[in-house]
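The block underneath contains the structure these notes are about, expressed in structure tokens.
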Amino acid sequence: MPDSKKKFYISTPIYYPSASPHLGHAYCTTMCDVIARGKRLRGYDVFFVTGLDEHGQKIEKNAEAKGVTPQAFVDEVAKTFTSLWNAMEISNDDFIRTTEERHVSTVQKIFSRMLKQDDIYLSSYTGWYCVHEETFWTETQVEVEGGEHLCPECHRPVEKASEDAYFYRCTKYSDFLTDFFDTHPSFITPESRKNEMINTFIKPGLQDLCVSRTSFTWGVPVLEDPKHVVYVWLDALTNYITSLGYLQEDDSKFQEFWQDENTEIVHVIGADITRFHTIYWPMFLHSLDLREPNRVFVHGLLMMKDGKMSKSKGNAISAYPLIERYGVDAVRYYLVSEVPFGENGIFTPEQFVMRINQDLANNLGNLLNRTVSMIGKYFQGVVPAFEKNVNPTDKELEDLTALTITRYETLVDDLKVTEAYAEIMNLVSRANKYIEENAPWALAKDETKEKELRSVMAHLAHVLFVAGMLLKPILVHKSDAIFDQLGLGNDERHYDLVSDVHLLDDKVVHKGEQLFPRLDAEKEIEAIKVMMAAPKEKAAA
Ligand code: ME8
């Protein structure tokens, strides 16, 4: 049951605006959006934040190459992110950019506090620096190939760098961290990521973290020593609290969504940034006497057949042509259902078309179409009143419907998002099978079977309402098309009515357009291949 007092905070990583976003970025943001929408629907107070990580050497270099200032550069790229989020129907409550004054001034206050309490100290740094990953690597961490030193993360060449730098004393908080991991066993999901962090970084002994740079200027200046800018991770990670107003005049959102121990806080990230979120971020928060998030969920990558989707590889597919051709709901559904949350997945045109045809056109669309047509034909469009357990398989469908609601809630609360939505499709399949089992066309020919026929129609209508409501976080438009066809008024489209089997009694159905027309597979696979061969980004709006 919905509990209006429950609070939920969810964030995506803040992306680098080094280039416009591709379907991989859309994947992470869409997953968070589906979770956020699902919670809101169930009555939670939700804060959902995404944004951009706009400082650092990479941005400075990209801007220089284009002959524009870094600010002008990020302003332009930022528009491509916000227009994609609009097109994807992302319902974020805030869009934080690290160049905003609210963020910059708070990072400076945080740095000052850490300096004052001796969590940060001045020293010098020599190491291998990867511009792309904005990360220093030690001698043992870099890869050596043909005499060249490469970044262990992105395999690009790294540069030897030495400079004055401020350091964060990880050593001071390593006991805290070990203790925190022990007492918060579900902090990192999946579990394998936690073991990786313990074995690779914690067990060998944590090293202090470089938190300032002097070799470039595009960053938050350190107030106490302005030739330094705050090194990108202390700057970037704090977005999760600066967006809430931490240390700002109006910090009401911060009080509500961070300070309140009852708020569930979830960061969703890709595996490449696990170390920063699970090791340094809890320590930074501890330095500030703030609570840690409940969960860092590490999702998998959306890949192409030739590996990770990335702009630099030139294999990235844009979300726009897919949205334009198939509609945003189909693209959202594909992302959620095809790539199990927490695992990697490969984008192929074949699977994309198959998902839409199999799940949305054949399964869901067909159930709606058949149900509405039959209610029209046999009952002049009026949904018969629901009666329990009339036909032999009624009880099974009733039980499965109730179970699907609870399973969906449990799974989605545990961030098993793909599994949660698979449960709904399973219910829809079961309902299609229920039609075959009960053969309403045969019942309609036998006057003595009217009660049975009424029951079949009422059960189908109820399943469609439940499926439409549970799928609403993904199918942001088509769920309403389902409710329209079922004849439901706007004031009845509420999650808390999902178990009400009588909600549809006497409603008048309206046959509408096909929910998801079946795609001509061969033709559409070709069309997507053309999109992939020429990935185009929509120009900034
Ligand atoms: O790392 N599939 O930014 P970033 C799925 N600014 N997800 C993908 C993806 C793909 N092919 N490609 C990218 C940064 N992502 C830092 C983060 S947070 C305080 C700072 C997603 O632009 C994935 O979530 O490199 C990954 O972690 C994130 O984009 C990295 O974005």
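Here the sequence shown is numbered in this note's numbering, starting from 1234 and rising by one per residue.
Idealized CB from N, CA, C, for every residue including glycine.
Fair warning: this is a prediction, and the values are worked out from it, not measured in the lab.
Beta-carbon contacts of residue i that lie in its chain and below 8 Å, excluding the five residues immediately before and after
i       : result
TRP1370 : GLY1360, TRP1361, TYR1362, CYS1363, CYS1384, PRO1385, VAL1391
GLU1620 : LYS1684, ARG1687, SER1688, ALA1691
HIS1695 : PHE1619, THR1634, VAL1734, LEU1736, LEU1737
VAL1731 : ILE1638, PHE1698, VAL1699, MET1702, LEU1703
HIS1461 : ASP1397, ALA1398, TYR1399, SER1445, ARG1446, THR1447, PRO1454, VAL1455
LYS1631 : Going by the sequence as given, residue 1631 is Glu instead of Lys. For GLU1631, where only same-chain residues beyond five positions count, the Cβ hits under 8 Å are LYS1621, ASN1622, HIS1692, VAL1734.
HIS1743 : VAL1605, GLY1614, ASP1717, GLN1718, GLY1720
THR1626 : TYR1667, GLU1670, ASN1671
VAL1337 : THR1331, VAL1453
GLN1374 : TRP1361, PRO1385
Selected residue, minimal CA-CA separation from residue i, among the options
i       : options                            : result
ASP1592 : GLY1578, ARG1565, HIS1743          : ARG1565
GLY1560 : GLU1322, SER1244, THR1245, ASN1295 : GLU1322
GLU1784 : ALA1311, SER1520, ARG1273, LYS1272 : Any answer about residue 1784 is impossible in this case: the structure gives the chain only from 1234 up to 1774.
THR1416 : ASN1527, HIS1461, ILE1502, TYR1479 : ASN1527
LEU1343 : ASP1522, LEU1730, GLN1304          : The sequence as given places Ile at residue 1343; Leu does not occur at that position. For ILE1343, the nearest C-alpha among the options comes from ASP1522.
ASP1539 : LEU1708, VAL1615, TYR1513, GLY1578 : GLY1578
THR1643 : ILE1268, ALA1259, TYR1260, TYR1242 : ILE1268
GLU1746 : SER1407, LYS1705, PHE1716          : PHE1716
VAL1763 : VAL1501, ASN1548, LYS1678, ILE1243 : ASN1548
ILE1707 : PHE1241, CYS1265, LYS1238, HIS1258 : CYS1265
GLU1755 : PHE1585, ASP1352, GLY1720          : PHE1585
LYS1393 : GLY1379, TYR1513, TYR1358, LEU1467 : TYR1358
GLU1571 : GLU1557, GLY1533, ASN1599          : GLY1533
THR1511 : PHE1414, CYS1443, ASP1468          : PHE1414
PHE1241 : PHE1306, ALA1298, ASP1326, GLY1257 : ASP1326
THR1404 : GLU1429, GLY1438, SER1419          : GLY1438
TYR1260 : ILE1292, VAL1650, SER1338          : VAL1650
ALA1305 : LEU1676, ASP1441, ASP1408, SER1251 : SER1251
PHE1194 : ILE1498, THR1368, LEU1317, MET1516 : There is no way to answer for residue 1194, as the model of the chain reaches only from 1234 to 1774.
ALA1677 : PHE1280, ASP1646, MET1607, VAL1645 : MET1607
ARG1603 : LYS1541, TRP1674, GLY1575          : TRP1674
VAL1499 : ASP1713, ASP1646, TYR1567, GLU1759 : ASP1646
ASP1493 : ARG1558, GLU1525, VAL1465, ASP1483 : GLU1525
ILE1741 : PHE1749, LEU1748, GLY1722, ASP1753 : A small correction: the amino acid at residue 1741 is Val; Ile does not occupy that position in the sequence shown. It is GLY1722.
THR1331 : ASP1468, ILE1292, VAL1377, ILE1435 : ASP1468
GLU1583 : SER1345, GLU1381, ALA1760          : ALA1760
LYS1711 : GLY1598, GLU1680, GLU1757          : GLY1598
LEU1601 : LYS1628, ALA1296, VAL1709, ALA1714 : ALA1714
LYS1705 : ASN1319, ALA1563, ILE1435, LYS1541 : ALA1563
ALA1664 : GLU1378, ASN1472, GLU1629, TYR1611 : GLU1629
TYR1406 : ASN1472, VAL1501, LEU1442, GLU1376 : LEU1442
VAL1709 : LEU1256, ARG1270, ASN1428          : ARG1270
Whole-Å CB distance - residue i paired with residue j, under 8 Å assumed
i       : j       : result
TYR1354 : ARG1402 : 7 Å
LEU1648 : THR1422 : 6 Å
GLU1685 : ASN1595 : Actually they do not touch by this definition, with Cβ atoms about 26 Å apart.
GLN1290 : PHE1400 : With a Cβ gap of about 18 Å, GLN1290 and PHE1400 do not count as contacting.
LEU1518 : PHE1580 : With a Cβ gap of about 36 Å, LEU1518 and PHE1580 do not count as contacting.
TRP1514 : LEU1480 : About 17 Å separates the two Cβ atoms, so there is no contact after all.
ILE1247 : PHE1281 : Not really, about 13 Å apart at Cβ, beyond 8 Å.
ALA1504 : ARG1426 : 7 Å
GLY1575 : VAL1531 : 7 Å
PHE1749 : ILE1589 : 6 Å
MET1430 : THR1339 : That belief does not hold up - the Cβ atoms of MET1430 and THR1339 are roughly 27 Å apart, past 8 Å.
ARG1335 : THR1475 : 6 Å
GLU1293 : TRP1466 : Wrong, their Cβ atoms sit about 16 Å apart, outside the cutoff.
ALA1320 : TYR1553 : 7 Å
Close Cβ partners of residue i (< 6 Å) along its chain, the five nearest in sequence each way excluded
i       : result
ALA1618 : ASP1738
TYR1641 : ALA1653, GLU1656, LEU1703
THR1262 : THR1245, THR1283, ILE1323
ASP1477 : The sequence shown places Leu at residue 1477, rather than the Asp named in the question. Within the same chain, LEU1477 has close Cβ partners LYS1486, PHE1487, PHE1490, TRP1491.
ASP1351 : none
ARG1726 : PHE1716
TYR1249 : ASP1286
LYS1239 : TYR1277
LYS1785 : The displayed coordinates of the chain run from 1234 to 1774. Any statement about residue 1785 would go beyond what the structure contains.
MET1765 : ILE1550
Residues of its chain near residue i, where Cβ-Cβ distance is below 7 Å and the 5 sequence neighbours each way are ignored
i       : result
GLU1770 : At GLU1770 the pLDDT is 46, less than 50, meaning the model places this residue with poor confidence; the figure from the coordinates comes in the next sentence. The answer, listed in chain order, is SER1253, THR1313, SER1551.
LEU1348 : GLU1457
GLU1366 : CYS1384, GLU1386, CYS1387
PRO1235 : In this predicted model, PRO1235 has a pLDDT of only 43, less than 50, meaning its place in the structure is not dependable enough to derive any value.
HIS1258 : TYR1248
GLN1341 : VAL1453, LEU1456
ILE1758 : PRO1582, GLU1583, VAL1586
THR1302 : ALA1296
Given 8 Å, three or more beta-carbon pairs between the stretch 1627-1642 and the stretch 1655-1671: yes
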